[in-house]
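**Q**
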Amino acid sequence: MSNPRPVNRLRTAAPQPASSRSGRSPRVDSLIRQRPWLLRVGQLLIKLLLLALLISFGWVVLLKYLPVSITPLMISRKMEAKAEGHDSKLYKDWTPYEEISKEAALAVVASEDQAFPRHWGFDFDEIQDAIKENKTRKRPRGASTISQQVAKNVFLWNGRSYLRKGLEVYFTFLIELIWGKERILEVYLNVAETGPLTFGVEAASRRYYGHAAKYLTRTEAARIAAVLPNPRLFSIKKPSAYTQKRTRQISRQMRYLGGRRYLENL
1 MSNPRPVNRL
11 RTAAPQPASS
21 RSGRSPRVDS
31 LIRQRPWLLR
41 VGQLLIKLLL
51 LALLISFGWV
61 VLLKYLPVSI
71 TPLMISRKME
81 AKAEGHDSKL
91 YKDWTPYEEI
101 SKEAALAVVA
111 SEDQAFPRHW
121 GFDFDEIQDA
131 IKENKTRKRP
141 RGASTISQQV
151 AKNVFLWNGR
161 SYLRKGLEVY
171 FTFLIELIWG
181 KERILEVYLN
191 VAETGPLTFG
201 VEAASRRYYG
211 HAAKYLTRTE
221 AARIAAVLPN
231 PRLFSIKKPS
241 AYTQKRTRQI
251 SRQMRYLGGR
261 RYLENL
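Everything in the sequence shown is counted per the UniProt record's numbering, starting at 1 for the first residue and increasing by one.
1) If you drop the 5 nearest sequence neighbours on each side, which residues of the same chain put their C-beta closer than 6 Å to that of residue 112?
2) If residue 175 and residue 60 are in contact, beta carbons under 8 Å, what's the gap, nearest whole angstrom?
3) Rank 198, 192, 181, 222 by C-alpha distance to the C-alpha of residue 264 and give the top, closest one.
4) For a minimum of 4 consecutive residues, which ranges assigned as the alpha helix (DSSP H) are wholly contained in the stretch 95-154?
5) Does the Cβ of residue 244 have 16 or more other Cβ atoms within 10 Å, making it buried, or fewer, making it exposed?
6) Work out the CA separation of residue 200 and residue 186 for me, nearest whole Å.
7) Tell me the DSSP secondary structure of residue 173 in three-state form.
8) Quick check on this structure: which residue in 250, 252, 227, 259 has the alpha carbon closest to the alpha carbon of residue 240?
9) Which whole-angstrom value describes the C-beta separation of residue 91 and residue 203, a residue pair presumed to lie in contact below a C-beta threshold of 8 Å?
10) Since residue 193 is in the beta strand (DSSP E), which residue starts that stretch and which ends it?
11) For the structure I just gave you, are there three or more beta carbon pairs, one from the stretch 243-260 and one from the stretch 206-213, closer than 8 Å?
12) So what does DSSP say about residue 18, is it helix, strand or coil?
13) Nearest CA to the CA of residue 262: which residue from 50, 72, 102, 88?
14) Here's the rule I'm using: 16 or more other beta-carbon atoms within 10 Å means buried, otherwise exposed. How should residue 144 be labelled?
15) To the nearest whole angstrom, what separates the beta carbons of residue 155 and residue 121, a pair I think is in contact under 8 Å?
16) What is the rounded straight-line gap between the Cα of residue 259 and the Cα of residue 107?
17) Counting only the same chain and skipping the five closest in sequence on each side, list residues whose C-beta sits under 8 Å from that of residue 297.
18) Should the stretch 158-165 be regarded as contacting the stretch 41-53, the criterion being three or more beta carbon pairs within less than 8 Å?
19) Distance, Cα to Cα, residue 100 vs residue 214?
20) Using the C-alpha atoms, what's the distance from residue 252 back to residue 166?
21) In chain order, what residues of the same chain lie with their CB nearer than 8 Å to the CB of residue 68, ignoring the 5 residues before and after it?
22) Going straight from the alpha carbon of residue 76 to that of residue 125, what length do you get?
23) For residue 19, which residues in the same chain have their Cβ closer than 6 Å to its Cβ, ignoring the five residues on either side in sequence?
24) Note down, in chain order, each residue of its chain lying with its Cβ closer than 6 Å to the Cβ of residue 123, except the 5 sequence neighbours on either side.
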């Protein structure tokens, strides 16, 4: 009769330290025991962050299908006009992409973001070029794509900060993922500031040319695009020599890109 095999007690599992069971270091555990409210605050912040992500995602999905009737910039311009005692009426008229002249769509792409059909929200080549040029320029030039401009115009407040820039990156990624290029361009053509209290190419076309955006000519569309860098300084109705020169440059770029065919596969 064989004797039972002795148990090797040296191979039994050693008790785990408290830090490995909680997933935290002893120092963190000690701090939480001394200040238990820290754990509650941390949990609350995580819940708020998750809630904010969920709301922002739902907001972007909703605006994929609904007209963008108001933006923070529109509200800001209206409040400024009221504070100065001026007429604060906003000129805006949401118009579907199909009812806007493709000359207008091509003009803003030729002027603002020629890589728009190809990039995923950010033109890194343009960003690198801007960084190099801004080392010697008195007035720095931006490198924002149309997607970035839509993200900050529709979802964010007016101003400059690291928080706003981070949110701009976040919303740019979301609209590229959820909306797609045609919707982004449609929103841009409707919310871009085109003159004093004037937003979108439809409102600009009716206010300054006297007809719907559907009938914009190449020159008219190029002039609207020419004032976009600063529509409060440059005028569509009374174009300066600079605006006229820029209009001609944009018209040439529209031809070089191949005309309306450039945007066929958005």
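All residues carry an ideal CB built from backbone N, CA and C; glycine is no exception.
**A** On the basis of the coordinates in this document:
1) 146
2) 6 Å
3) 181
4) 102-112, 124-134
5) exposed
6) 10 Å
7) helix
8) 227
9) 4 Å
10) 193-195
11) no
12) With a pLDDT of only 49 at residue 18, under 50, the local geometry of the prediction cannot be trusted, and no value is derived from it.
13) 102
14) buried
15) The Cβ separation is near 13 Å, so there is no contact.
16) 9 Å
17) Examination of residue 297 is not possible in this model, given that the chain is present from 1 through 266 alone.
18) no
19) 4 Å
20) 35 Å
21) 94, 154, 187, 190, 191
22) 32 Å
23) With a pLDDT of only 47 at residue 19, under the threshold of 50, the placement of this residue in the model should not be trusted; the figure read from the coordinates follows. Excluding positions up to five away in sequence, the list reads 25, 26.
24) 115, 145
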